[in-house]
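Reading through the structure tokens given below for one structure.
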Amino acid sequence: MNRPRVGRIAVVAVLLAAGGLLVTSALQDTLTYYRTPGEVLDDPAAGRRPTRLGGEVVPGSVRHDGDLVTFRLGGDGHEITVTQRGMPPETFREGQGAIVEGRLSAGGVFESDRVVVQHGNEYGPSPAPPSGPERAGGAR
Numbered sequence: 001m002n003r004p005r006v007g008r009i010a011v012v013a014v015l016l017a018a019g020g021l022l023v024t025s026a027l028q029d030t031l032t033y034y035r036t037p038g039e040v041l042d043d044p045a046a047g048r049r050p051t052r053l054g055g056e057v058v059p060g061s062v063r064h065d066g067d068l069v070t071f072r073l074g075g076d077g078h079e080i081t082v083t084q085r086g087m088p089p090e091t092f093r094e095g096q097g098a099i100v101e102g103r104l105s106a107g108g109v110f111e112s113d114r115v116v117v118q119h120g121n122e123y124g125p126s127p128a129p130p131s132g133p134e135r136a137g138g139a140r
């Protein structure tokens, strides 16, 4: 190979690598990775770092005490008790999929900063309630 061709190949390789890094970093904020209750319980380091925990809200486990909501998330044969300050989204229900973000305490309770519920087959924030004529059943 001659020198100009090798130089062009190197430039193209660098540009492709840079483009790949840009795409990867842009996607990092849009992807939601979460761990199952079993994975969190088996990881001794889970309490030291923020974690996303996903599972099904165990039926009969939701309790409200002032602004504290306590419930259990289950999955893969394990359950973790979760506490959340403030009200979860309106679409939060027992028996429904949810992802919580927070940390596992030394006592084994997952202290959540945020709850994201499943809508259909996607996870996302609660939709805003309709306003205006739609709220009253449509335009008249």
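If you're matching positions, the sequence shown starts at 1 in UniProt numbering and goes up one per residue.
In this text, a Cβ means the ideal position worked out from N, Cα and C, and glycines have one as well.
Start-to-end residues for the beta strand (DSSP E) that takes in residue i
{"i": "residue 42", "result": "Counting along the chain, residue 42 falls outside any beta strand (DSSP E), though it belongs to the alpha helix (DSSP H) covering 37-42."}
{"i": "residue 65", "result": "63-65"}
{"i": "residue 100", "result": "97-104"}
Reduced DSSP secondary structure (H/G/I, E/B, other) of residue i
{"i": "residue 24", "result": "helix"}
{"i": "residue 57", "result": "strand"}
{"i": "residue 86", "result": "coil"}
{"i": "residue 114", "result": "strand"}
{"i": "residue 49", "result": "coil"}
{"i": "residue 72", "result": "strand"}
Spatial neighbours of residue i in its chain, beta-carbon cut-off 7 Å, leaving aside the 5 residues before and after
{"i": "residue 103", "result": "47, 50, 51 and 111"}
{"i": "residue 33", "result": "52"}
{"i": "residue 85", "result": "67 and 68"}
Rounded distance between the beta-carbons of residue j and residue i, thought under 8 Å
{"i": "residue 141", "j": "residue 83", "result": "This structure gives no information on residue 141, because the portion of the chain shown stretches from 1 to 140."}
Neighbourhood of residue i by C-beta, 6 Å cutoff - its chain only, sequence neighbours within 5 removed
{"i": "residue 80", "result": "37, 73 and 110"}
{"i": "residue 94", "result": "57, 59 and 62"}
Beta-carbon contacts of residue i that lie in its chain and below 8 Å, excluding the five residues immediately before and after
{"i": "residue 75", "result": "36, 37, 38, 54, 55 and 56"}
{"i": "residue 78", "result": "36, 37, 38 and 41"}
Original post:
Can at least three beta-carbon pairs, one atom from the segment 96-106 and one from the segment 49-67, be found at a separation below 8 Å?
Top reply: yes
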